[in-house]
Amino acid sequence: MRLILNILWFIFGSGFLLAIGYGVAALICFVLIVTIPFGIASLRLAVYSLWPFGRTVVSRPGAGVASGLGNIIWVVVAGWWLALTHIVAGVAQCVTIIGIPFGIANFKLVPVAFWPLGRDIVELD
Numbered sequence: 001m002r003l004i005l006n007i008l009w010f011i012f013g014s015g016f017l018l019a020i021g022y023g024v025a026a027l028i029c030f031v032l033i034v035t036i037p038f039g040i041a042s043l044r045l046a047v048y049s050l051w052p053f054g055r056t057v058v059s060r061p062g063a064g065v066a067s068g069l070g071n072i073i074w075v076v077v078a079g080w081w082l083a084l085t086h087i088v089a090g091v092a093q094c095v096t097i098i099g100i101p102f103g104i105a106n107f108k109l110v111p112v113a114f115w116p117l118g119r120d121i122v123e124l125d
């Protein structure tokens, strides 16, 4: 069932477009050498947005003060509008019964889009 939902998400649920957007943001962050940690976080978000079903976000136990400070910068620069976009898209998709799984997937992306550093994306199995 996860495979079917991931394929439908990729085609109809905006997974492909989200991955392209996060990938472009990652490339920009890699070009600006200082923002490489944000680029890594963007790549992690791109992969998670491609196949969100069957995965979850967990806190990394070794994350320290640097990731907290980086997350504050991330929230100010990009995190709040990314999270807001996922919330709006999730609500719009939950309006129809068929779109409810895709809306839930968008809601799963909100915490990691808002606060990505110091988190890992793991398989549910």
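Position one of the sequence shown corresponds to residue 1 (full-length UniProt numbering), numbered consecutively onward. C-beta atoms are modelled at their ideal positions from N, C-alpha and C, and glycine is treated no differently.
Whose C-beta lies closer than 7 Å to the C-beta of P52 among residues of the same chain, with five residues either side of it excluded? Closer than 7 Å at the Cβ level, and outside the excluded window around P52, lie W9, A105, K108, L109.
Pop quiz: A19 and S49 are said to be a contact at Cβ under 8 Å. What is the actual Cβ separation, rounded to whole angstroms? Here A19 really is in contact with S49; their C-beta atoms are around 5 Å apart, less than 8 Å.
First and last residue of the uninterrupted beta strand (DSSP E) at R55: Run containing R55: 55-59, per the beta strand (DSSP E) assignment.
Opening and closing residue of the alpha helix (DSSP H) in which I104 lies: Per DSSP, the unbroken alpha helix (DSSP H) holding I104 starts and ends at 100-114.
P116 and W74 closer than 8 Å at C-beta: It is a contact, given that the beta carbons lie within the stated cut-off.
Report the CB separation of E123 from R44 in whole angstroms; it is logged as a contact under 8 Å. That belief does not hold up - the Cβ atoms of E123 and R44 are roughly 14 Å apart, past 8 Å.
Closest by C-alpha distance to R2, when choosing among F102, I121, F114, A113: Checking every option, the nearest Cα to that of R2 belongs to F102.
What are the boundary residues of the alpha helix (DSSP H) that I97 is part of? No alpha helix (DSSP H) holds I97; DSSP gives it neither H nor E.
On the DSSP letters alone, give me the boundaries of the beta strand (DSSP E) that V76 sits inside. That residue, V76, is in no beta strand (DSSP E); it is neither H nor E in DSSP.
Taking only runs that begin and end inside the UniProt domain "Inner membrane component" (4-55), name each unbroken alpha helix (DSSP H) of 4 or more residues, in chain order. 15-31, 36-50, all fully within the UniProt domain "Inner membrane component" (4-55).
Euclidean distance between Cα positions of A89 and V58: A89 and V58: Cα-Cα distance of roughly 23 Å.
For N71, which of G23, I28, A113 has the nearest alpha-carbon? Nearest C-alpha to N71: A113.
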